[in-house]
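Asks: Below you'll find the structure I mean.
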Amino acid sequence: MYFYGTTGVNKKGHLEIGGVDAVELAESFGTPLYVYDVALIRERARGFKLTFEEQNVKAQVAYASKAFSTVAMVQLAEEEGLSLDVVSGGELFTALKAGFPAEKIHFHGNNKSRQELEMAIDNGIGCIVIDNFYEIELLKSICTEKQPKEINVLLRVTPGIEAHTHDYILTGQEDSKFGFDLQNGQAEQALTEALEYPYFHVLGLHCHIGSQIFETTGFLLAAQKIVEKLAEWKNKYAFQTQVLNLGGGFGIRYTKEDEPIAPSQYVSEIIKEVKSLNEQYDLTMPEIWIEPGRSLVGDAGVTLYKTGSSKDVPGVRRYLAVDGGMSDNIRPALYQAKYEAVLANKPLAQAKETVSIAGKCCESGDMLIWDLPLPESEDEDILAVFCTGAYGYSMANNYNRIPRPPVVFVENGKASLVVKRESYEDLLRLDLPLK
Ligand code: LLP
């Protein structure tokens with residue numbers, strides 16, 4: 003088994019995370035349970051930030067809070083000196099309630115409502131990433147009414163690169179719901195409209211080419227395409243970008259098939275390319291912003307489940323069910339995402355059989371892991387599924403009226419509950435009886 007971060011095996015032969023026994027965590031907090039290795043989140047955050055600092059490049063590392071947004075996580079992001087990317091009124095509300103400095107919040111989204119934009123402007127957030135012409139008009143109408151002081155905006159562009167996990171396809175015509183197309187003139191039109199509008203301060207451009215990307219090529223190509231345009235726009239409109247935001251998408255290791263590269267390598271290759279492009283086109287070096295989500299929290303999260311029923315399909319497979327499933331981790335059902343797991347009460351025991359881990363939801367597609375080698379399992383073993391820190395809790399749902407699990411942060415031998423377990427009463431919180 004491959005352990006990382008503070009995860010390892012303790013003297014009792016149990017899985018340990020952040021110096022805390024995982025079996026004891028399951029006993030104290032119940033299962034399913036999301037456990038986060040706080041030291042690993044800090045290490046990842048520092049990994050991204052340090053390279054910018056070492057190379058003396060002005061930068062912002064904005065945590066894409068959609069990966070895992072809770073008050074405690076936002077506070078941890080602040081402790082680590084990160085900025086924050088939010089994509090909805092709910093994420094913005096969480097950030098503000100957590101006391102995150104508004105000026106370090108960036109607001110994304112392809113269909114922000116008037117109410118969400120007003121909330122952002124009223125709270126003086128750092129910048130709004132404008133996604134489309136409709137949003138420009140909406141913002142203009144809000145500014146006319148509110149007459150705020152200038153608001154910082156980035157324009158989200160689609161550079162015509164589709165980054166897939168391992169390969170890159172250059173698309174002539176970008177087919178995406180996000181952003182202004184860089185090639186067909188939309189981005190240029192958006193820029194001229196934004197530059198003319200007195201309430202906007204155009205900080206620069208943003209792009210996000212995809213997620214779970216294992217190479218730097220896509221980021222470098224995106225930077226190239228954007229800087230080429232910036233060179234054109236400098237001559238035409240005397241526009242010099244202050245910020246180049248290259249988004250998130252840095253890949254992580256879910257299983258042994260994944261081969262991620264270090265945050266420092268992504269960052270140094272991006273810096274090198276942006277520097278050389280700016281020299282080539284005689285432009286001033288912009289601040290570089292990035293927005294990692296998954297790569298900050300993904301491998302820091304482990305979900306603990308209790309095993310329950312099992313079913314043999316002779317000659318085919320054995321299903322072993324756990325007390326959670328697609329309600330706490332929808333990624334296998336949605337993306338055929340793959341995970342590794344061990345029994346937390348005997349992580350080093352020799353594998354004896356291959357089982358398929360089923361969830362408890364009323365749906366055949368509710369499978370967490372197919373064909374997992376496991377030691378002989380007993381009733382109420384604790385199954386630890388690794389790498390569930392990103393888009394696990396944040397995409398959790400109440401299908402079958404299953405309450406969402408709690409979240410525990412572990413660090414230096416201490417466990418602290420940061421999200422309570424949802425109760426049955428919580429499930430009925432919004433229900434009203436038939437009149
Ligand atoms: N910035 C923007 C504008 C984004 O749209 C995203 C992710 C990120 C940053 C962060 O990307 P990351 O570093 O986490 O890859 N639910 C899917 C992932 C959706 C990602 C959406 N946008 C999953 O579970 O894989």
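Reading the sequence shown from the start, the letters are residues 3 to 437 in my numbering.
The beta-carbon is built from N, C-alpha and C at its ideal position, and this holds for glycine as well.
Because the structure is a prediction, the values reported are computed rather than measured.
Quick one: using the 10 Å Cβ neighbour count with 16 as the cut-off for buried, is Lys68 buried or exposed?
Replies: Numbered from 1 along the sequence shown, position 66 holds the residue referred to as residue 68. Flag for Lys68 reads buried.
Asks: If we require 3 or more residues per run, which beta strand (DSSP E) segments fall completely within the region 373–412?
Replies: Runs of the beta strand (DSSP E) inside the region 373–412: 384–388.
Asks: So, using beta-carbon positions, are Tyr307 and Lys236 closer together than 9 angstroms?
Replies: As a first step, residue 307 is located in the sequence shown; it is residue number 305 there, counting from the start. As a first step, residue 236 is located in the sequence shown; it is residue number 234 there, counting from the start. Cβ atoms of Tyr307 and Lys236: not closer than 9 angstroms.
Asks: Using a 10 Å radius around the Cβ and a threshold of 16 neighbouring Cβ atoms, would you call Leu84 buried or exposed?
Replies: Against the sequence shown, residue 84 aligns to sequence position 82. Classification for Leu84: buried.
Asks: Mapping the DSSP letters down to three states, classify Ala46 as helix, strand or coil.
Replies: In the sequence shown, counting from the first residue as 1, residue 46 sits at position 44. For clarity, residue 46 is Arg in the given sequence; the question names Ala instead. In the structure shown, Arg46 sits in a helix (DSSP, three-state: H, G or I).
Asks: So, does the region 359–371 touch the region 329–343, judging by three or more C-beta pairs under 8 angstroms?
Replies: Cβ pair count under 8 angstroms is three or more, so yes.
Asks: Comparing alpha-carbon positions, which option in Leu156, Glu164, Leu223 and Gly126 lies nearest Gln489?
Replies: The chain is shown only over 3 to 437; residue 489 falls outside these bounds and no answer can be derived.
Asks: Distance check for Cys363 and Asn481, CA to CA, integer angstroms please.
Replies: The structure shown does not extend to residue 481, since the chain spans only 3 to 437, so no value can be given for it.
Asks: Counting along the chain, where does the beta strand (DSSP E) carrying Asp325 start and finish?
Replies: Translated into the one-based positions of the sequence shown, residue 325 becomes position 323. Looking at the DSSP string, Asp325 is not in any beta strand (DSSP E), and its letter there is neither H nor E.
Asks: Among Asp433, Ser71, Met121 and Thr309, which residue has its Cα nearest to the Cα of Tyr393?
Replies: Reading the sequence shown from its first residue, position 391 is the one you call residue 393. Residue Ser71 is the option with its Cα nearest to Tyr393.
Asks: I need the straight-line Cα distance from Arg444 to Tyr268, nearest angstrom please.
Replies: Since the first and last residues shown for the chain are 3 and 437, residue 444 lies out of range.
Asks: Nearest to Asp383 by alpha carbon, out of Arg406, Lys354, Asp373 and Pro349?
Replies: Within the sequence shown, residue 383 is the residue found at index 381, counting from 1. Asp383 has its Cα closest to that of Pro349, out of Arg406, Lys354, Asp373 and Pro349.
Asks: Give the secondary structure of Leu350 by DSSP, where H, G and I count as helix, E and B as strand, and everything else as coil.
Replies: Sequence index remark: in the sequence shown, residue 350 carries index 348 (1-based). Leu350 falls in the coil class under three-state DSSP.
Asks: Buried or exposed: Asp418, going by 16 or more other Cβ atoms within 10 Å of its Cβ?
Replies: Here residue 418 is taken as the residue at index 416 of the sequence shown, counted from 1. The amino acid occupying residue 418 in the given sequence is Ser; Asp does not appear at that position. Exposed is the call here.
Asks: Mapping the DSSP letters down to three states, classify Glu293 as helix, strand or coil.
Replies: Along the sequence shown, read from residue 1 onward, the residue named residue 293 stands at position 291. Reduced to three states, the DSSP call for Glu293 is coil.
Asks: Quick check on Tyr6: does DSSP put it in helix, strand or coil?
Replies: Working through the sequence shown from its first residue, we reach residue 6 at position 4. Correct three-state label for Tyr6: coil.
Asks: Using a Cβ-Cβ cut-off of 7 angstroms (strictly less than) and excluding sequence neighbours within five positions of Lys277, which residues of its own chain qualify?
Replies: Looking up residue 277 in the sequence shown gives position 275. Cβ within range, chain order: Met287.
Asks: Where does Gln117 land, buried or exposed, given buried means 16+ other C-beta within 10 angstroms?
Replies: By one-based count along the sequence shown, residue 117 stands at place 115. Exposed.
Asks: Is the beta carbon of Arg294 within less than 8 angstroms of some heavy atom of the ligand LLP?
Replies: Residue numbering aside, residue 294 sits at position 292 when the sequence shown is read from its first letter. Per the sequence presented here, residue 294 reads as Pro, with Arg not at that position. Flag set: Cβ of Pro294 near the ligand LLP.
Asks: When DSSP labels each residue in this structure, what does Met121 get in the three-state scheme?
Replies: Mapped onto the sequence shown, residue 121 falls at position 119. Helix, per DSSP.
Asks: Under the rule that 16 or more other beta-carbon atoms within 10 Å means buried, what is Ser30, buried or exposed?
Replies: One-based indexing of the sequence shown puts residue 30 at position 28. That one is exposed.
Asks: Could you give the first and the last residue of the continuous alpha helix (DSSP H) run that contains Lys151?
Replies: The residue you call residue 151 lines up with position 149 of the sequence shown. Unbroken run through Lys151: none, as it is neither H nor E.
Asks: DSSP three-state label for Leu98, please.
Replies: By 1-based counting over the sequence shown, the position of residue 98 is 96. Residue state, collapsed to three classes: helix.
Asks: Kindly indicate which residue of Phe5, Gly326, Asp433 and Leu141 has the alpha-carbon position closest to the one of Pro408.
Replies: For the purposes of this step, residue 408 is identified with residue 406 of the sequence shown, where counting begins at 1. Nearest of Phe5, Gly326, Asp433 and Leu141 to Pro408, Cα basis: Gly326.
Asks: Got a sec: does the ligand LLP put a non-hydrogen atom nearer than 8 angstroms to the Cβ of Met397?
Replies: Here residue 397 corresponds to residue number 395 of the sequence shown, with the count starting at 1. Flag set: Cβ of Met397 near the ligand LLP.
Asks: Under a three-way DSSP split, which group does Lys308 fall into?
Replies: To locate residue 308, count along the sequence shown from 1; it is residue 306. In the structure shown, Lys308 sits in a strand (DSSP, three-state: E or B).
Asks: Judging by CA-CA distance, which residue of Ile273, Ala24, Tyr4 and Gly7 is the nearest neighbour of Lys13?
Replies: Looking up residue 13 in the sequence shown gives position 11. Ranking Ile273, Ala24, Tyr4 and Gly7 by Cα distance to Lys13 puts Ala24 first.
Asks: Can you find a heavy atom of the ligand LLP that lies under 8 angstroms from the Cβ of Asp87?
Replies: Position 85 of the sequence shown, counted from the start, is the residue given in the question as residue 87. Yes, since a heavy atom of the ligand LLP falls inside the 8 angstroms radius drawn around the Cβ of Asp87.
Asks: Is the CB-CB distance between Asp133 and Phe180 below 9 angstroms?
Replies: Along the sequence shown, read from residue 1 onward, the residue named residue 133 stands at position 131. Along the sequence shown, read from residue 1 onward, the residue named residue 180 stands at position 178. Closer than 9 angstroms, so yes.
Asks: In terms of residues, what are the limits of the alpha helix (DSSP H) holding Gly206?
Replies: Against the sequence shown, residue 206 aligns to sequence position 204. Taken as a continuous stretch (DSSP letters only), Gly206 belongs to no alpha helix (DSSP H), being part of the beta strand (DSSP E) at Phe202 to His208.
Asks: With distances taken Cα to Cα, identify the nearest neighbour of Thr356 among Val299, Ala346, Ala302 and Leu376.
Replies: Residue numbering aside, residue 356 sits at position 354 when the sequence shown is read from its first letter. Ranking the options by Cα distance to Thr356, first place goes to Leu376.
Asks: Assign Ala74 to one of three DSSP states: helix, strand, or coil.
Replies: Locating residue 74 in the sequence shown gives position 72, where the first residue counts as 1. Correct three-state label for Ala74: helix.
Asks: What is the DSSP secondary structure of Ala339, reduced to helix, strand or coil?
Replies: The residue you call residue 339 lines up with position 337 of the sequence shown. The answer is coil: DSSP assigns Ala339 none of H, G, I, E or B.
Asks: Per DSSP, Val63 forms a beta bridge with which residues?
Replies: Here residue 63 refers to the residue found at position 61 when the sequence shown is read from its first residue. BP columns for Val63 point to Ile292.
Asks: Taking the C-alpha atoms as reference points, what is the distance between Gln352 and Glu378?
Replies: Taking the sequence shown and counting its residues from 1, the one referred to as residue 352 is at position 350. Taking the sequence shown and counting its residues from 1, the one referred to as residue 378 is at position 376. Each residue's Cα considered, the two are about 9 angstroms apart.
Asks: The ligand LLP heavy atoms versus the CB of His203: any closer than 8 angstroms?
Replies: In the sequence shown, counting from the first residue as 1, residue 203 sits at position 201. Checking every heavy atom of the ligand LLP against the Cβ of His203, none is found closer than 8 angstroms.
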